[in-house]
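>
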Amino acid sequence: MLEVVAFAPYPPSGASTRYRISQFQPALRSLGVQLDLMPLLDEPAFARLYEPGRVLAKSVDFGRALMRRWRQLAAAGRYDVAVVQRELWPILGEGATSRLERLQPRWVFDFDDAVFLPNVSRANRNFAWLKPRCQHSQLVAGASRVAAGNAWLAAWARSRRPERDPAEVEVIPTVVDTDAWAPRRRNAGPPRLVWIGSGSTVRYLDPLRPALMRLTRQHPGLELHVIGARFEAPELRVFEHRWSSATEIELAAACDIGLAPLDDDDWSRGKCGLKLLLYLSLGLAAVASPVGVHTEILADGANGRLAASPEAFELAIDELLQDRTHRHALGDAGRTTVEERYSLRVVAPRLAALLRTAAESSRH
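Residue numbers (our numbering): 3 to 366.
(1) What runs of the alpha helix (DSSP H), each 4 residues or longer, lie entirely inside the segment 298 to 366?
(2) So, for D38: in the same chain, excluding its five sequence neighbours on each side, which residues have a beta-carbon less than 6 Å away from its beta-carbon?
(3) Would you report the Cα separation of Q25 and G223, rounded to the nearest angstrom?
(4) Ignore the nearest five residues each way along the sequence and tell me which others in G214's own chain have a CB closer than 7 Å to its CB.
(5) Report the residue ranges of all alpha helix (DSSP H) runs contained in full by the segment 21 to 46; include only those spanning at least 4 residues, in chain order.
(6) If we define contact as Cβ-Cβ less than 8 Å, is D208 a contact residue for chain D?
(7) Would you mind working out which of R50, D63, L90, T339 sits nearest L75, comparing C-alpha positions?
(8) Pop quiz: R160 and V173 are said to be a contact at Cβ under 8 Å. What is the actual Cβ separation, rounded to whole angstroms?
(9) Cα-Cα, which of R88, E242, E96, K60 is closest to R1?
(10) Label A86 either buried or exposed according to how many other C-beta atoms from any shown protein chain fall within 10 Å of its C-beta, with 16 as the threshold for buried.
(11) Report the CB separation of R108 from S139 in whole angstroms; it is logged as a contact under 8 Å.
(12) Going by DSSP, what residues sit across from F241 in a beta bridge?
(13) Does the separation of the CB atoms of L346 and V177 fall below 8 Å?
(14) The beta strand (DSSP E) spanning W197 covers which residue range?
(15) P41 and A10: beta carbons closer than 8 Å?
(16) Do the segment 253 to 263 and the segment 283 to 296 make contact, defined as three or more Cβ pairs closer than 8 Å?
(17) Please report how far the alpha carbon of S15 lies from the alpha carbon of S246, in whole angstroms.
(18) Considering only their Cβ atoms, is the gap separating A360 from R31 smaller than 8 Å?
(19) Just the C-alpha distance for Q36 and Y81, rounded to the nearest angstrom, thanks.
(20) Pick helix, strand or coil for G285, following the three-state DSSP scheme.
(21) Pick from P92, G336, A310, N189: whose alpha carbon is nearest that of L278?
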């Protein structure tokens with residue numbers, strides 16, 4: 003059994019940890035890989051992370067988290083290889099990276115966002131000056147292998163290690179457990195739109211407000227279900243749902259059309275299309291911005307709709323609401339796309355092979 007430790011910033015309730023690490027654990031175990039998760043933040047600290055204010059409580063959380071991570075690193079040498087997911091140390095300083103290099107020189111750097119770009123949530127701007135500047139480049143340069151969530155991220159990683167074999171950087175897409183995220187009975191009630199995300203990404207819905215208002219007038223009873231964030235829009239029929247692993251799938255599956263708007267910028271190009279993949283896995287028709295990996299997942303009109311502006315979103319949603327047959331056909335085609343290219347079942351063996359190769363590599 004290959005023994006692997008994963009150092010992640012968040013516990014399993016954090017989407018990046020859940021979809022890049024913890025959901026792989028059972029599948030990897032069946033492939034002879036024992037993957038142990040060691041998160042920086044515990045669940046209570048992560049629950050407070052994106053709340054506004056709470057500076058004192060967050061400071062205490064981070065103090066405890068730093069001590070926890072330092073202790074976790076002491077165990078790294080007991081494993082065959084380590085995975086560093088997104089970052090190793092959340093603040094300035096190179097001590098943690100040096101400690102990892104000394105105790106476990108074989109590691110895989112895994113990332114599913116443009117973590118090398120400046121990006122701090124509104125709730126945590128007071129801590130922005132503490133963010134490390136060069137950590138990601140150092141972790142990529144020193145890694146035995148790199149698992150990038152999309153081709154754009156992989157290209158950046160290769161640019162950080164120009165003397166190394168480009169094949170050591172592999173695209174491991176964010177994937178969905180298609181056994182759990184499976185289509186349910188079609189919605190027979192009022193038409194429902196759905197958006198899944200968090201408080202740090204709900205801003206992508208803001209430009210769609212006027213379009214959604216017009217659609218509400220054209221389609222009486224139209225509902226917008228927001229899972230994982232607050233979205234105040236008194237002029238719309240908005241149903242906000244706290245994220246819960248126990249209810250997320252059923253809530254989303256009861257809807258008709260999934261929304262995946264993004265800004266056209268480098269931060270968005272680093273995203274790996276998770277919410278879009280979740281909608282498609284459930285057999286929902288999806289409308290997405292033609293940015294980054296969205297254009298690799300969707301072929302417009304074949305397995306979903308691409309919309310480059312709020313007006314284009316409005317047109318695509320209107321057409322899908324009026325044509326149930328076409329909406330269901332796109333949903334079925336989207337489901338096939340996920341099963342063939344973005345399912346846990348398909349990608350887990352590739353991740354297992356990457357981890358084995360990293361464990362067998364010599365220190366550079």
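Virtual Cβ for every residue (Gly too), placed ideally from N, Cα, C.
Quick look at the numbers:
(1) 312 to 324, 326 to 343, 346 to 362
(2) Residue 38 sits at position 36 when you count from the first residue of the sequence shown. Around D38: V7.
(3) Counting from 1 along the sequence shown, the entry for residue 25 is found at position 23. Counting from 1 along the sequence shown, the entry for residue 223 is found at position 221. Rounded to whole angstroms, Q25 to G223 spans 36 Å at the Cα level.
(4) Walking along the sequence shown from the start, residue 214 turns up at place 212. Correcting the residue type first, residue 214 is Leu in the shown sequence and not Gly. The answer, listed in chain order, is L226, L238.
(5) 27 to 32
(6) Among the chains in the structure shown there is no chain D, since it carries only a single protein chain.
(7) Numbered from its first residue, the sequence shown carries residue 75 at position 73. Nearest option by C-alpha distance: L90.
(8) As a working note, residue 160 is residue 158 in the sequence shown. As a working note, residue 173 is residue 171 in the sequence shown. Not really, about 11 Å apart at Cβ, beyond 8 Å.
(9) There is no way to answer for residue 1, as the model of the chain reaches only from 3 to 366.
(10) Within the sequence shown, numbered from 1, the residue matching residue 86 stands at position 84. Residue identity check: residue 86 is Val in the sequence provided, not Ala. It counts as buried.
(11) On the sequence shown, residue 108 is found 106 positions in, with the first residue counted as 1. On the sequence shown, residue 139 is found 137 positions in, with the first residue counted as 1. Contact doesn't hold; Cβ gap of about 19 Å is too wide.
(12) In the sequence shown, the residue the question calls residue 241 occupies position 239. Note: F241 sits in a beta bridge opposite H227.
(13) For the purposes of this step, residue 346 is taken as residue 344 along the sequence shown, with counting starting at 1. For the purposes of this step, residue 177 is taken as residue 175 along the sequence shown, with counting starting at 1. Yes, Cβ-Cβ distance for L346 and V177 is below 8 Å.
(14) In the sequence shown, counting from the first residue as 1, residue 197 sits at position 195. 194 to 198 is the extent of the beta strand (DSSP E) around W197.
(15) Along the sequence shown, one-based indexing puts residue 41 at 39. Along the sequence shown, one-based indexing puts residue 10 at 8. Cβ distance < 8 Å, so P41 and A10 count as in contact.
(16) yes
(17) Your numbering for residue 15 matches position 13 in the sequence shown. Your numbering for residue 246 matches position 244 in the sequence shown. Approximately 9 Å, taken between the alpha carbons.
(18) Indexing the sequence shown from 1 puts residue 31 at position 29. Indexing the sequence shown from 1 puts residue 360 at position 358. Not closer than 8 Å, so no.
(19) Taking the first residue of the sequence shown as position 1, residue 36 is located at position 34. Taking the first residue of the sequence shown as position 1, residue 81 is located at position 79. So the alpha carbons of these two residues sit roughly 10 Å apart.
(20) For the purposes of this step, residue 285 is taken as residue 283 along the sequence shown, with counting starting at 1. Coil at G285, not helix or strand.
(21) Counted from its first residue, the sequence shown places residue 278 at position 276. Per the Cα distances, G336.
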